Each structure stands twice: as structure tokens, then as C-alpha cells.
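S.K.:
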Amino acid sequence: MCRFLAYLGEPVFLNELVCAPTHSLVHQSLHASEAKTETNGDGFGIGWYGEHAEPGLYRDVCPAWSDDNLVNLCRQVRAKTFFAHVRAATGTATTRANCHPFAHGRHLFMHNGQIGGYHRIKRRLEALIPDDLYDTRRGTTDSEAIFLLALAHGLETDPVAAMETTCATVRDLMQAARIAEPFRFTAVLTDGDSLTAFRWACDGRPPSLYYRESERGLTVVSEPIDGCREGWQVVPKGGTLRARRGFRAVVSRPEAGRAAA
Numbered sequence: 001m002c003r004f005l006a007y008l009g010e011p012v013f014l015n016e017l018v019c020a021p022t023h024s025l026v027h028q029s030l031h032a033s034e035a036k037t038e039t040n041g042d043g044f045g046i047g048w049y050g051e052h053a054e055p056g057l058y059r060d061v062c063p064a065w066s067d068d069n070l071v072n073l074c075r076q077v078r079a080k081t082f083f084a085h086v087r088a089a090t091g092t093a094t095t096r097a098n099c100h101p102f103a104h105g106r107h108l109f110m111h112n113g114q115i116g117g118y119h120r121i122k123r124r125l126e127a128l129i130p131d132d133l134y135d136t137r138r139g140t141t142d143s144e145a146i147f148l149l150a151l152a153h154g155l156e157t158d159p160v161a162a163m164e165t166t167c168a169t170v171r172d173l174m175q176a177a178r179i180a181e182p183f184r185f186t187a188v189l190t191d192g193d194s195l196t197a198f199r200w201a202c203d204g205r206p207p208s209l210y211y212r213e214s215e216r217g218l219t220v221v222s223e224p225i226d227g228c229r230e231g232w233q234v235v236p237k238g239g240t241l242r243a244r245r246g247f248r249a250v251v252s253r254p255e256a257g258r259a260a261a
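Heads up, the sequence shown is in full-length UniProt numbering, so the first residue is 1 and it goes up one at a time.
Listed below in C-alpha cells is the structure:
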């Protein structure tokens, strides 16, 4: 499983959240405390919004804890919205193209989780992605495939409905293939001005997800970056968080008795 961080608010230097805190994302790349694996050393990535509508992107296969370029870049880049991700591969190659976040147009997407038995449905899942979107596929991960399929399902206009349709499609493929392994989907999406975070799993055990709001902005993380849970709110199992610049985040909770998508 991976670890990630997302920020939406007043412009800040990436270093303030990605590198500097006690339990920063860089620290989590080596010593995660709430992940399935403590080490997330199969690459990293950052995506940020500056003066252009489309985000900048920097990804590499080096472990985040050993990349001086990442630290130096985070000290210099100041952004109003950004994503950062450290990867623990789950069956696909450690390549730059497989590192998160993934970008398409003005959107960024990153994922923590996996499609159980992905290799058994990969070809059928990819066949559902329209040609114009499939031509932009650069990696081999289930995460990128989910992102592209969600774009095909209307992610730009209604991200929650698009992800619900996409996750239902994935579950149908898994059930048809009689896959017993779980589908776990904790993810964040942004267009630079709005942010949507999802925490779903078919077995009711989605990866962790927290958020904290301040006067400066909203921070969404896999695990608290200051080493304590005080001031952090948990996105409930099966819940969705939606935020837009200048407004408070809204968390929708699952229906009673339902903790998974």
C-alpha cells in the first residue's frame, strides 16, 4: 500500500507539508505507521498547480527518502494545490510511468489500494477505456486504468458519480472472474480548484484517510504528518470528501450499515 498527501488552499511551499513535519510523507516513505508495509520505496511523485491551468509533474523511481532533487524542488515550489505520493508497488513494475500522481488535462489523480486479482481482469478492464483516452496510458497500473475509465464515465463533470460507476464496473469484472481478493480504493482527485477524496473497499477495510482544515487550507493525508491524531478528522469507511477553494470541506457518510462501495 502507498501513502499520499493532498493540499488545497492558500499558496504554501511544498516543503512545509511534504518534507518538514515530524512524520512527513518523506518520513513515511521509510517508516509508515498505518500502512500494510512500513516502507514505501518504489518511487514517488509530486504534482502541483502554478500559473498554468494544467499541473506540473515530477516523478521518479528513487525512494523519496534518498532523493535530494525532491527536497530541493519542494523548498522552491510554492503552490495553491498539490499532490504528493510515495509508492509501494503491488504487482506492477517500478517505473516512472507507474508512479503517482497521474495527470490528464487539468486533473491529477492518485490512489492507495489495489484491485484484487488485477492481472485476471486487466485486459477486459482496459478494453472498456475509449481509444482517445487509452492512447494517453503510459503505465501498467490498475490505478491509472481506474482514472482513465472514470474520465470516460464523466469524471470532469461529476467525479463522485463517475467513480461510483467505475468502481461498480470493476466489481462486476471481479465477480465475473470469481476473484475473492478485495478491491480497495482510497484516492484523491483534483482539477486545481476543487478536490474529491474517496475511501471505499468491497470488504469494509479501505486504507486510512484523514483530513484537517485550517485558515490556510485543507490537507488530506494517508496518515497524520505531525505524528499525532489531534486536530485530524477521519474520513469514514465508504465516505467521500468534497472541497472547493474558499469553502469548507463536506464529508458524505455511507448509508447505515454500509461501509464499502
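Ideal Cβ placement from N, Cα and C applies to all residues, glycine included. Since we're looking at a predicted model, the values are computed, not measured.
With 16 as the cutoff for other CB atoms within 10 Å, does Q175 come out buried or exposed?
M.R.: That one is exposed.
S.K.: What is the DSSP secondary structure of K80, reduced to helix, strand or coil?
M.R.: DSSP places K80 in strand when its eight states are reduced to three.
S.K.: Please work out which residues of its chain come closer than 6 Å, Cβ to Cβ, to A84, disregarding the five sequence neighbours upstream and downstream, and give them in chain order.
M.R.: Excluding sequence neighbours, A84 sits near L5, V18, L25 and I46.
S.K.: Report yes or no: do three or more beta-carbon pairs, one from the segment 165-182 and one from the segment 78-96, lie closer than 8 Å?
M.R.: With a cut-off of 8 Å, the segment 78-96 and the segment 165-182 do not count as touching, because too few Cβ pairs lie within range.
S.K.: Tell me which same chain residues have a C-beta within less than 7 Å of the C-beta of R248, skipping the five on either side of it?
M.R.: For R248, where only same-chain residues beyond five positions count, the Cβ hits under 7 Å are E213.
S.K.: What residue range is occupied by the uninterrupted alpha helix (DSSP H) comprising E164?
M.R.: From DSSP, the alpha helix (DSSP H) with E164 extends over P159 to A176.
S.K.: Would you check if the distance between the CB atom of F185 and the CB atom of G113 is smaller than 8 Å?
M.R.: Their beta carbons are under 8 Å apart, which means F185 touches G113 by this criterion.
S.K.: Does the segment 88-95 come into contact with the segment 128-144, if we say contact requires no fewer than three beta-carbon pairs (one atom in each stretch) closer than 8 Å?
M.R.: With a cut-off of 8 Å, the segment 128-144 and the segment 88-95 count as touching, because enough Cβ pairs lie within range.
S.K.: Under a three-way DSSP split, which group does L189 fall into?
M.R.: Residue state, collapsed to three classes: strand.
S.K.: Buried or exposed: which applies to S66, given that a residue is buried once 16 or more other Cβ atoms fall within 10 Å of its Cβ?
M.R.: Exposed, by the Cβ-count rule.
S.K.: Going by beta carbon distance, what residues of the same chain come within less than 8 Å of A145, once the five residues before and after it are set aside?
M.R.: Contacts found: K122, L125, E126, I129 and R137.
S.K.: Do you know offhand how far D193's Cα is from I225's?
M.R.: Rounded to whole angstroms, D193 to I225 spans 23 Å at the Cα level.
S.K.: Counting C-beta neighbours from all protein chains within 10 Å, is the total for S252 16 or more, i.e. buried, or is it exposed?
M.R.: Answer is exposed; the Cβ neighbour count stays below 16.
S.K.: Give the DSSP-derived three-state secondary structure of R258 in the structure shown.
M.R.: Because the pLDDT of R258 is 43, which lies under 50, any placement of that residue in the model is unreliable, and the number read from its coordinates should be weighed accordingly. Coil, per DSSP.
S.K.: Residues in its own chain within less than 8 Å of I179 by CB, not counting five upstream and five downstream?
M.R.: The residues are G116, G117, R120 and I121.
S.K.: DSSP three-state label for I179, please.
M.R.: Three-state DSSP puts I179 in coil, outside helix and strand.
S.K.: If we count the other Cβ atoms within 10 Å of its Cβ and call it buried at 16 or more, is A35 buried or exposed?
M.R.: Buried.
S.K.: Should A201 be labelled buried (16 or more other beta-carbon atoms within 10 Å of its own) or exposed?
M.R.: Its Cβ being crowded by 16 or more others within 10 Å, A201 is buried.
S.K.: If you count every other CB in all the chains shown that lies within 10 Å of the CB of C74, and 16 or more means buried, which is it?
M.R.: Buried.
S.K.: Would a C-beta distance cut-off of 8 Å place V221 and L241 closer than the cut-off?
M.R.: No, the pair does not count as a contact, with Cβ atoms beyond the cut-off.
S.K.: Would you mind reading off the limits of the alpha helix (DSSP H) that contains V18?
M.R.: V18 -> alpha helix (DSSP H) spans N15 to V18.
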